[in-house]
Amino acid sequence: MNDGSVLEVRHGTLTIDGDTVFYREAGPEAAPVLLLPHGYPCSSFQYRRLMPALADRWRTVAPDFPGFGYSGTPDPARFGYDFDAYATFLERFTDALELGSYALWLHDYGSQIGLRHAIAHPSRIRALIIQNGDIYADALGPKYETIQRFWRDPSPANRAPLEQAVSEDGFRAEFVGEVDDDVARRVPPDLWKLHWPLMDTPVRRALSVGLMEKLKANLDWFPRYQGYLREQRPPALILWGPKDEYMPEPAARAYLRDLPEAELHLLNDAGHWLLETHFEVALPLVRRFLGKVLG
Numbered sequence: 001m002n003d004g005s006v007l008e009v010r011h012g013t014l015t016i017d018g019d020t021v022f023y024r025e026a027g028p029e030a031a032p033v034l035l036l037p038h039g040y041p042c043s044s045f046q047y048r049r050l051m052p053a054l055a056d057r058w059r060t061v062a063p064d065f066p067g068f069g070y071s072g073t074p075d076p077a078r079f080g081y082d083f084d085a086y087a088t089f090l091e092r093f094t095d096a097l098e099l100g101s102y103a104l105w106l107h108d109y110g111s112q113i114g115l116r117h118a119i120a121h122p123s124r125i126r127a128l129i130i131q132n133g134d135i136y137a138d139a140l141g142p143k144y145e146t147i148q149r150f151w152r153d154p155s156p157a158n159r160a161p162l163e164q165a166v167s168e169d170g171f172r173a174e175f176v177g178e179v180d181d182d183v184a185r186r187v188p189p190d191l192w193k194l195h196w197p198l199m200d201t202p203v204r205r206a207l208s209v210g211l212m213e214k215l216k217a218n219l220d221w222f223p224r225y226q227g228y229l230r231e232q233r234p235p236a237l238i239l240w241g242p243k244d245e246y247m248p249e250p251a252a253r254a255y256l257r258d259l260p261e262a263e264l265h266l267l268n269d270a271g272h273w274l275l276e277t278h279f280e281v282a283l284p285l286v287r288r289f290l291g292k293v294l295g
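Just so you know, we're using UniProt numbering here: the sequence shown kicks off at 1 and counts up by one.
Dropping the structure here:
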């Protein structure tokens, strides 16, 4: 075990293209790296338990995306707030920290942003940990219907549910709305109580709705994500909570089409936020996998 100081999560900021970027980091600087892009509606806060639990052997790094958490909110006139813009941000962030190679955690929006980054820089990616991130159109869950209705008919009436979802109640529903009550009780309300005030600005509410709108264009990337997996065959751990109405069990198994050697674990009563509810089950699986692929 390393000195206890490396197990602590460190908090820092840097400037990228004139904007402040907040990030969390743990572990020795010389250790193998695990990069942790976050999902919606959250920030690097979602990895607060995982990072110190890995810091004895690995360096973990988790940024807040522009417009989320404690990072700045660039003017939409110069930052696109789409998947391309966030993939470019991830490149600039890793370059700023001089991260040459790393395992990559893929979750929620971070899965699609992370895979765009991997396609652009395949030599950097040593392994993938895939946690409830959808890239197979035929395996999307029933909760996509509201968004798909808007894609088919982008009327004000069909846009209204997307806008309503960007609220404190909407965020709460994302975190606890799909799992059984006994599992939901394990989810700390800090996830929406602390994050919603950070997102409750006109620009941040608009970018959140905009990302849901832009998921339609992102579907065109799904075959490219799959092609990357099929061609590069990175070592992969698929860690999945099937109680997820966006990304149910078939969305996890679909990865095996392109990564047949991947290690798949379905945590039966877990949902989209399994690190909140099933951390003690997930952690040994993550540590064993990182020990194999990063040393």
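Where is the CB? At the ideal position from N, CA and C, for every residue including glycine.
Are L259 and R224 close, meaning C-beta to C-beta below 8 Å?
Counting from 1 along the sequence shown, the entry for residue 259 is found at position 259. Counting from 1 along the sequence shown, the entry for residue 224 is found at position 224. No; because the gap between Cβ atoms is not below 8 Å, this pair is not in contact.
In DSSP terms, what Y23 is bridged to:
The count along the sequence shown starts at 1 and reaches residue 23 at position 23. Paired residue(s): G12, P63.
Rounded to whole angstroms, what is the Cα-Cα separation between M1 and L219?
Position 1 of the sequence shown, counted from the first residue, corresponds to residue 1. Position 219 of the sequence shown, counted from the first residue, corresponds to residue 219. With a pLDDT of only 42 at M1, under the threshold of 50, the placement of this residue in the model should not be trusted, and no figure is reported.
Quick check on S111: buried or exposed, where buried means 16 or more other Cβ atoms within 10 Å of its Cβ?
Position 111 of the sequence shown, counting from 1, holds the residue named residue 111. It is buried - the Cβ of S111 has at least 16 other Cβ atoms within 10 Å.
Contact set for V176: own chain, Cβ-Cβ below 7 Å, skip 5 residues either direction
Here the question's residue 176 lines up with position 176 in the sequence shown. Taken in chain order, the residues that qualify are A184, V187.
What would DSSP say about G133, mapped onto helix, strand or coil?
Counted from its first residue, the sequence shown places residue 133 at position 133. Coil.
Supposed close pair G80, F22 - CB separation, criterion 8 Å
Counted from its first residue, the sequence shown places residue 80 at position 80. Counted from its first residue, the sequence shown places residue 22 at position 22. About 20 Å separates the two Cβ atoms, so there is no contact after all.
Nearest-angstrom Cβ-Cβ length linking H265 and L239, presumed shorter than 8 Å
As a first step, residue 265 is located in the sequence shown; it is residue number 265 there, counting from the start. As a first step, residue 239 is located in the sequence shown; it is residue number 239 there, counting from the start. Correct: roughly 5 Å between the Cβ atoms.
What's the C-alpha gap between K216 and I135?
Counting from one through the sequence shown, the residue named residue 216 turns up at place 216. Counting from one through the sequence shown, the residue named residue 135 turns up at place 135. Those two C-alpha atoms are separated by around 12 Å.
Using the DSSP secondary-structure output, state which residues sit across from H107 in a beta bridge.
Residue mapping note: residue 107 aligns to position 107 of the sequence shown, counting from 1. According to DSSP, which records beta bridges pairwise, H107 is partnered with Q131.
Boundaries (first-last residue) of the alpha helix (DSSP H) holding H195
In the sequence shown, residue 195 corresponds to position 195, counting from 1. 195–199 is the span of the alpha helix (DSSP H), which, as asked, contains H195.
Residues bridged to K243 by DSSP?
Here residue 243 refers to the residue found at position 243 when the sequence shown is read from its first residue. Answer is G271.
If you count every other CB in all the chains shown that lies within 10 Å of the CB of D153, and 16 or more means buried, which is it?
Residue 153 sits at position 153 when you count from the first residue of the sequence shown. Exposed, because fewer than 16 other Cβ atoms sit within 10 Å of the Cβ of D153.
Beta-carbon contacts of S71 that lie in its chain and below 6 Å, excluding the five residues immediately before and after
Mapped onto the sequence shown, residue 71 falls at position 71. The answer, listed in chain order, is V21, F22, D64.
Inter-stretch contact (C-beta, 8 Å, three-pair minimum) for the stretch 166–182 and the stretch 116–133:
no
With DSSP as the reference, identify every bridge partner of A236, one or two as the case may be.
Here residue 236 is taken as the residue at index 236 of the sequence shown, counted from 1. L128, per the DSSP bridge assignment.
Would you kindly work out how many angstroms separate the C-alpha atoms of R204 and M212, rounded to a whole number?
For the purposes of this step, residue 204 is taken as the residue at position 204 of the sequence shown. For the purposes of this step, residue 212 is taken as the residue at position 212 of the sequence shown. So the two alpha carbons sit approximately 13 Å from each other.
Less than 8 Å between the C-beta atoms of R49 and E25, yes or no?
The residue you call residue 49 lines up with position 49 of the sequence shown. The residue you call residue 25 lines up with position 25 of the sequence shown. In this structure, E25 does not lie closer than 8 Å to R49 by Cβ.
Given a threshold of 16 other Cβ atoms within 10 Å of its Cβ, counted over all protein chains shown, does T13 qualify as buried or as exposed?
Taking the first residue of the sequence shown as position 1, residue 13 is located at position 13. With fewer than 16 other Cβ atoms within 10 Å, it is exposed.
Should G295 be labelled buried (16 or more other beta-carbon atoms within 10 Å of its own) or exposed?
In the sequence shown, the residue the question calls residue 295 occupies position 295. Exposed: under 16 other Cβ atoms inside 10 Å.
Compare the C-alpha of H38 against each of A87, G27, A31 and name the closest.
Here the question's residue 38 lines up with position 38 in the sequence shown. Comparing Cα-Cα distances from H38 to each of A87, G27, A31, the minimum goes to A87.
In this structure, does DSSP put H278 in helix, strand or coil?
Mapped onto the sequence shown, residue 278 falls at position 278. Coil, per DSSP.
Give the single residue among Y246, R257, C42 whose Cα lies nearest to the Cα of E231.
Locating residue 231 in the sequence shown gives position 231, where the first residue counts as 1. Minimum Cα distance to E231 is reached at R257.
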